[in-house]
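Engineer: Quick one: the structure is below, and I'll ask about it shortly.
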Amino acid sequence: MPNLNAAKKSLRQDAKRIKVNFAAKRELKGLIKDFKQAAEVDQKKAQEILPKVFKKLDKSAKINLIKKNKANRIKSRLSKKIALKK
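Residues 2 to 87 in our numbering are what the sequence shown spells out, letter by letter.
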């Protein structure tokens, strides 16, 4: 356990950040899953979901929740799914 007050505060902040980051990653994964399911069934719905997924990916990369290149890679793969279905 930390002895200094600053170390204790840091521990509290870390715990809170872990929860926030985990929730944001879970939301991102849920959006991607929704898109993939929509792409299988309904192209129009998938087209509507895609900008939301891109926005969430960009924001996640901006705050270093995921790496920038990973966000770009996911965006590329999701775009490819739409292009192949047309």
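Note that the Cβ used here is the ideal one computed from N, Cα and C, for glycine as well. All values derive from a computational prediction rather than experimental measurement.
Using CA atoms only, rank isn't needed, just tell me which of LEU66, LYS86, LEU85 is closest to LYS30.
Structural biologist: When each option's Cα is compared against that of LYS30, the closest is LEU66.
Engineer: Output the distance between the C-alpha atoms of LEU32 and ASN73, rounded to the nearest integer angstrom.
Structural biologist: Between LEU32 and ASN73, the C-alpha separation is close to 16 Å.
Engineer: Kindly indicate which three-state DSSP category LEU66 falls into: helix, strand or coil?
Structural biologist: Correct three-state label for LEU66: coil.
Engineer: Can you check whether the CB of ILE83 is closer than 8 Å to the CB of LEU58?
Structural biologist: For LEU58 and ILE83, no; Cβs fall outside 8 Å.
Engineer: Under the rule that 16 or more other beta-carbon atoms within 10 Å means buried, what is ALA24, buried or exposed?
Structural biologist: Per the 10 Å Cβ criterion, exposed.
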